[in-house]
Structure formats: C-alpha cells, structure tokens
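Same order as they appear, the protein sequences are chains C and V. For the first sequence, full-length UniProt numbering assigns the number 103 to the last residue and increments by one with no breaks. For the second sequence, full-length UniProt numbering assigns the number 103 to the last residue and increments by one with no breaks. For each residue, glycine too, the CB sits at the ideal point set by N, CA and C. Being a predicted model, the structure only gives us computed values, none of them experimental.
There are 2 protein chains.
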Amino acid sequence: MTQPTFRALADPTRRDILQMLATGDMTIAQITDRFDMTRAAVKKHLTVLSDGGLITTEVRGRERINRLDPAGFAPVRDWLTFFDRFWDDRLTALTDAIEKDQP
Amino acid sequence: MTQPTFRALADPTRRDILQMLATGDMTIAQITDRFDMTRAAVKKHLTVLSDGGLITTEVRGRERINRLDPAGFAPVRDWLTFFDRFWDDRLTALTDAIEKDQP
DNA sequence: TAGATAGGATACCGATTGGTATCACGTCAA
DNA sequence: TTGACGTGATACCAATCGGTATCCTATCTA
Numbered sequence: 001m002t003q004p005t006f007r008a009l010a011d012p013t014r015r016d017i018l019q020m021l022a023t024g025d026m027t028i029a030q031i032t033d034r035f036d037m038t039r040a041a042v043k044k045h046l047t048v049l050s051d052g053g054l055i056t057t058e059v060r061g062r063e064r065i066n067r068l069d070p071a072g073f074a075p076v077r078d079w080l081t082f083f084d085r086f087w088d089d090r091l092t093a094l095t096d097a098i099e100k101d102q103p
Numbered sequence: 001m002t003q004p005t006f007r008a009l010a011d012p013t014r015r016d017i018l019q020m021l022a023t024g025d026m027t028i029a030q031i032t033d034r035f036d037m038t039r040a041a042v043k044k045h046l047t048v049l050s051d052g053g054l055i056t057t058e059v060r061g062r063e064r065i066n067r068l069d070p071a072g073f074a075p076v077r078d079w080l081t082f083f084d085r086f087w088d089d090r091l092t093a094l095t096d097a098i099e100k101d102q103p
C-alpha cells in the first residue's frame, strides 16, 4: 500500500491540495476554484490521492466532500522511521567507539 | 528543493536503492549486481536520487562511491511535520471542547 | 603499453502522466 | 417537471519516465 502513497505525493499540485484540505473539507468545485485547472484535472488528482489513502470522500446529495485521512500518511512516516532508526544506531555505535577509545 | 526529493521517492526501485545504501556505501556496479537492470538504468536512478539530495557521491579513482545523505530526508520530514502539528491542534481543540462540556 | 575495468553520455522506445474537451447522469430547486 | 448544478467517464494530446543499446572516456594493472 506504500507505492500508491508515495506516487500520490510526487506531484506538487496534489501536495497543495492536501495542504488546502488541512484547512477544511472541500468539494471538487471548491478545490477547482483555487487552481488554474479544469475540474476534470482536479478530479484526477483526487482519485490518485484517494488511491494513496490520503483522502476519503463522503457523498452528500450531489456533492462529494473530500476529507484528509491522517491514517494515509502512515506508510511515509513508517518508511522514514526505518532510516531514523538506522541513523540512531550508527550514532550510538560511533559514540560507543569513542567511549572505548577514552576509558 | 522539496519537489526533487518527493519525485525521487516516488519510484519503488529508488526507495530500494536507498535501503540498500543504508547497509553500506556502494558503487554503481555493486548496486547493479543486485537488480535485474542495466547499469545505465541504475545510473539514471542515482542521478534522480542525487538531484533530490538523498545521496552524495565520492569519486575514488575510477570508482564512484554512492552514500546516503541524511540531510536530504529533511524536506519530507518537515512536510509531514506540518500535518502532524495540524492534527495535534485539532486534537487539543477537541479535548478542550470536551472539558468545557464537562466542568 | 595494452587490455580490462568502472563509469559517463546519448539516442531511442513504449508506457505512464498531467492536462483538456466533451458528453452523460443524478440531484436539487423553482 | 424542467432547468441548473455538481460530478463521473472517456477519448485524446504532448510531455515525461523507466529502461535498453551503444559508444566514449578515464583509470587501474599485468
């Protein structure tokens, strides 16, 4: 499930959409108003974001409310954590070595 | 500088290369050995990773040592932090509201 | 010095991507 | 009921992407 997420974040427009949704849920038309783009283009981006699990949609009448999904960010966070742990280990190994050098 | 970074992370092969480099610095030939891919293809991926600031290269004789660059991950981490802060605020606002409801 | 080794550069190919234009469908309101 | 409104869906286009093949340069070594 991590590939669709990273793929979704690769486009600057999609990252902008996510930041906009952070300020509040929005319909497609509302998002389109803030971009120099067709509604169809925005819709495509929203589909990619949805595939990546980063947003969810709630159908209300003829409208579709797009909402940020905090859980969708987990894959990225987890992936970063892998490297964080790796670097932490490297750092402790380094300080350990230094301590041994100066007993 | 954040767009090249996200772009670099969008490809699964490139993320694999990063994980491989976490176990130790490697030359292009060494990386190519572990993939079913041409050296030229790997080289392209390394260029994208370098553009994203995720790796650095040290020329040693006729070899090029590719090394992970921890600093390159900062843009992604910072970007995630934005949403973390946002959700934290939302959560505290919610708990505050609940506390007011039950004095 | 001659070959082998490690890598750079470029042209090319099929597939994917971001975008538009267009038409079709359900839903709301007068 | 009849439009207007909010979306979905599809066909199409230029540009980018991941990958290969090929040729070239620099460096090490026998």
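Counting along the chain, the unbroken alpha helix (DSSP H) around arginine 14(V) starts and ends at 12-22. Contact fails between the region 25-45 of chain C and the region 45-56 of chain V, because fewer than three Cβ pairs, one in each stretch, are under 8 Å apart. In this structure, DSSP gives threonine 56(V) an extended state, which the three-state scheme calls strand. Chain V places no beta carbon closer than 8 Å to that of phenylalanine 35(C), leaving this residue out of the contacts.
In terms of Cβ geometry, alanine 22(C) and leucine 68(C) form a close pair [threshold 8 Å].
Assigned with DSSP and collapsed to three states, arginine 34(C) falls in coil, not helix or strand.
Neighbourhood of valine 76(C) in chain V, by CB distance below 8 Å: Val76 and Leu80, in chain order.
Neighbours of leucine 9(V) in chain C, taken as residues whose beta carbon is under 7 Å from its own, are Phe6 in chain order. By the neighbour-count criterion, in which a residue is buried when 16 or more other Cβ atoms sit within 10 angstroms of its Cβ, phenylalanine 82(C) is exposed.
Using a Cβ distance threshold of 8 Å, lysine 43(C) and isoleucine 28(C) count as a contacting pair.
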